[in-house]
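K.L.:
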Amino acid sequence: MKIDPQFCRVDDGLDTILGKWKIPIILYLLKNQTMRFSDLQKVLPEISKKMLSKNLKELEEDDLITRTVYPTVPPKVEYSLTEHGKELEDIIDSLHKWGLRHQ
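Residues in the sequence shown are numbered consecutively from 1, following full-length UniProt numbering.
1) How many Å lie between E61 and Q6 at the Cα?
2) Output the distance between the C-alpha atoms of L29 and I91, rounded to the nearest integer angstrom.
3) Could you check whether T82 and T68 sit closer than 7 angstroms to each other, using their CB atoms as the reference points?
4) Give me the residue from K2, L59, T72 with the minimum Cα distance to L18.
5) Taking only three categories from DSSP, how would you classify E83?
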């Protein structure tokens, strides 16, 4: 392996996606492209509104998702993955496969 342990950024990457809800949110956005808050609540019924809002805000701050507000009444808000967020698809898939092999 050619990664110098002193300069390894795996922890930075993991800190960005760790948490009970971030990977499921990312996976649903990968599958559906764009989702509204209520759509995410329906597919993740165990998450509270407060926790969903917190996770969406953190993912947005980390440039993994984008929040689009449409000027309608009532307001329409949609969430989708940024290009940065879409890059996680292969990483999550690899981690999933590794987890299956080592469970």
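For every residue, glycine included, the Cβ atom is placed at its ideal position computed from N, Cα and C.
P.N.:
Taking the definition as stated:
1) The count along the sequence shown starts at 1 and reaches residue 61 at position 61. The count along the sequence shown starts at 1 and reaches residue 6 at position 6. Near 26 angstroms, if we compare the C-alpha coordinates of Q6 and E61.
2) Indexing the sequence shown from 1 puts residue 29 at position 29. Indexing the sequence shown from 1 puts residue 91 at position 91. C-alpha separation (whole angstroms): 15 angstroms.
3) Residue numbering aside, residue 68 sits at position 68 when the sequence shown is read from its first letter. Residue numbering aside, residue 82 sits at position 82 when the sequence shown is read from its first letter. For T68 and T82, no; Cβs fall outside 7 angstroms.
4) Along the sequence shown, one-based indexing puts residue 18 at 18. If we check each option's Cα against that of L18, L59 comes out closest.
5) Along the sequence shown, one-based indexing puts residue 83 at 83. Residue state, collapsed to three classes: helix.
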